[in-house]
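One structure below.
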Amino acid sequence: MTAHLVPANRTHLDALERIEQASFTTDLISRRSFRRFIDQGLGDFKVLIADEQVVGYYIVLYRQATQLARLYSLAVDPAFRRRGYGRKLLDAAEHDADERHCLFMRLEVKIDNAAALALYHGAGYYDMEIRPEYYEDDSDAVVLQKLLPHFEPPVGQSAAQRLVPYRTQTTEFTCGPASLLMAMAYFDIPSADPAHEELEIWREATTIFMTSGHGGCGPHGLARAAMKRGMSVTLHVSHDGPLLLDSVRSTEKKQIMSRIQESDIAALKAAGVPIEVGDYSLSQLIHDLEAGKVVVALISTYVFDESKAPHWVVICAADENYIYINDPDQDALPWQSPAERQYLPIPLATFRRAFGFGRRKQKAALVLSR
Numbered sequence: 001m002t003a004h005l006v007p008a009n010r011t012h013l014d015a016l017e018r019i020e021q022a023s024f025t026t027d028l029i030s031r032r033s034f035r036r037f038i039d040q041g042l043g044d045f046k047v048l049i050a051d052e053q054v055v056g057y058y059i060v061l062y063r064q065a066t067q068l069a070r071l072y073s074l075a076v077d078p079a080f081r082r083r084g085y086g087r088k089l090l091d092a093a094e095h096d097a098d099e100r101h102c103l104f105m106r107l108e109v110k111i112d113n114a115a116a117l118a119l120y121h122g123a124g125y126y127d128m129e130i131r132p133e134y135y136e137d138d139s140d141a142v143v144l145q146k147l148l149p150h151f152e153p154p155v156g157q158s159a160a161q162r163l164v165p166y167r168t169q170t171t172e173f174t175c176g177p178a179s180l181l182m183a184m185a186y187f188d189i190p191s192a193d194p195a196h197e198e199l200e201i202w203r204e205a206t207t208i209f210m211t212s213g214h215g216g217c218g219p220h221g222l223a224r225a226a227m228k229r230g231m232s233v234t235l236h237v238s239h240d241g242p243l244l245l246d247s248v249r250s251t252e253k254k255q256i257m258s259r260i261q262e263s264d265i266a267a268l269k270a271a272g273v274p275i276e277v278g279d280y281s282l283s284q285l286i287h288d289l290e291a292g293k294v295v296v297a298l299i300s301t302y303v304f305d306e307s308k309a310p311h312w313v314v315i316c317a318a319d320e321n322y323i324y325i326n327d328p329d330q331d332a333l334p335w336q337s338p339a340e341r342q343y344l345p346i347p348l349a350t351f352r353r354a355f356g357f358g359r360r361k362q363k364a365a366l367v368l369s370r
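This is how it looks when you write it as structure tokens:
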């Protein structure tokens, strides 16, 4: 008989208790707690039925106002193990969380539970940290996490179609140049020495002063650098004239930033590069992506890590739920490889909050093509 999943109800309590006692020695979920999860409809609680009996279950809980799901518990009756039921439960739990537009699934496992760790590692979970003395018997827990949604090519587009290559910035201040290098690689524009060119682009596009520390790159300077390297550019900015001056207190520094950007603006106009002033809408963004263009956009990192820093990323694709970006910051999802950080899904609502910088929500986007 094919195993199938159903929502847990009170008729399953005896079987749930039996599975719990056979599966764990500490931190068992009590019958009363199982009943509370069922009666209060907390999260997603489902049981797996095979041979007309409950052979496993999972409970996924959700934290309000976040994109984080927690796999609170998952267990399979020992008599029914090694039949793929654990992976079936895990896949279903991830599907439930993905349907709620959660970005991550997180869970804890006893550090000596080799079978559970093998299951989760095999499913793409990464070790985040060790929590000492986490369980009732003072044993440690391994905290694991997985990014749930993945980019899927639109209907009619080949799954083998080349993605925008990923590149990590080599300094803390060259997110803009690293983003431009990703676009260059996508459009097959060669770079003899990308690490050197990253710094060269920064020298061409920097505003000299921005926030504290090294100066970042301005949109007009990046547009000039892109044009110089053989890309067609349309620059969208929310405000006319120089940008990003609000984060600098010194009048003298603001004057220098303005002079640099005014020179860049004049050069772009002389070259006939379109500078569109106004809102760069989500519908226009999607239209540009569907036309095979790549968008390098300025975002604020505050919605991600509460640090108010301007940051350049590459927008590679979009669908009805997510904007997919290549974030050159090497601290983005550090437990994943660069290839796995490619096309990171950002919920649309989160992206709307992140797109733009400063109290005036200054926006900038370079729409690039070959």
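In terms of full-length UniProt numbering, the sequence shown is residues 1 to 370.
Where is the CB? At the ideal position from N, CA and C, for every residue including glycine.
- By the Cβ neighbour-count rule, PRO328 is buried, with 16 or more other Cβ atoms within 10 Å of its own.
- Put simply, of ASP51, ARG36, LYS46 the residue whose alpha carbon is nearest the alpha carbon of VAL60 is LYS46.
- The segment 261-272 makes contact with the segment 219-232, as at least three CB pairs between them are under 8 Å.
- Taking each of GLU290, HIS311, VAL294 in turn and checking the Cα distance to SER300, the smallest one comes out for HIS311.
- The Cβ atoms of ASN326 and VAL109 lie no closer than 7 Å to each other.
- Positions of the beta strand (DSSP E) runs, each at least 3 residues long and wholly inside the segment 190-273, are given as 232-237 in order along the chain.
- If you compare the alpha carbons of TYR126, SER238, ARG370 with that of ALA291, the shortest gap goes to ARG370.
- If you draw a straight line from the Cα of ARG70 to the Cα of ASP246, it comes to about 40 Å.
- GLY358 and LEU268 have their C-alpha atoms roughly 24 Å apart.
- Taking C-beta separations shorter than 7 Å and ignoring five residues to either side along the sequence, the partners of TYR280 in its chain run HIS236, LYS363, ALA365, following chain order.
- Uninterrupted alpha helix (DSSP H) stretches at least 4 residues long and entirely within the segment 277-302 occur at 282-290, given in chain order.
- Per DSSP, LYS46 is one residue of the beta strand (DSSP E) stretching across 44-50.
- For LEU13, the CB contacts under 7 Å within the same chain, skipping 5 residues up- and downstream, are ARG31, PHE34, ARG35 in chain order.
- DSSP places PRO154 in the coil class of the three-state scheme, outside both helix and strand.
- DSSP, read as helix, strand or coil, puts CYS316 in strand.
- In the three-state scheme derived from DSSP, where H, G and I count as helix and E and B as strand, LEU16 is classed as helix.
- In this structure, the alpha-carbon of ALA79 lies about 44 Å from that of ILE323.
- Going by beta carbons, LEU42 and TYR58 fall outside the 7 Å limit.
- Within the same chain, Cβ atoms closer than 8 Å to the Cβ of VAL6 are found at LYS46, VAL47, ILE49, the five residues on either side in sequence being excluded.
- When the beta-carbon positions are compared, LEU148 and GLU94 come within less than 7 Å of each other.
- Here DSSP, grouped into helix, strand and coil, assigns ALA309 to coil.
- The Cβ atoms of ARG229 and MET184 sit closer than 7 Å to each other.
- Residue pairing from DSSP places VAL367 in a beta bridge opposite THR234, VAL295.
- In the DSSP annotation of this structure, the continuous segment of the alpha helix (DSSP H) that includes GLU94 starts and ends at 85-99.
- Across the structure, VAL367 and MET231 are spaced so that their CA atoms are roughly 10 Å apart.
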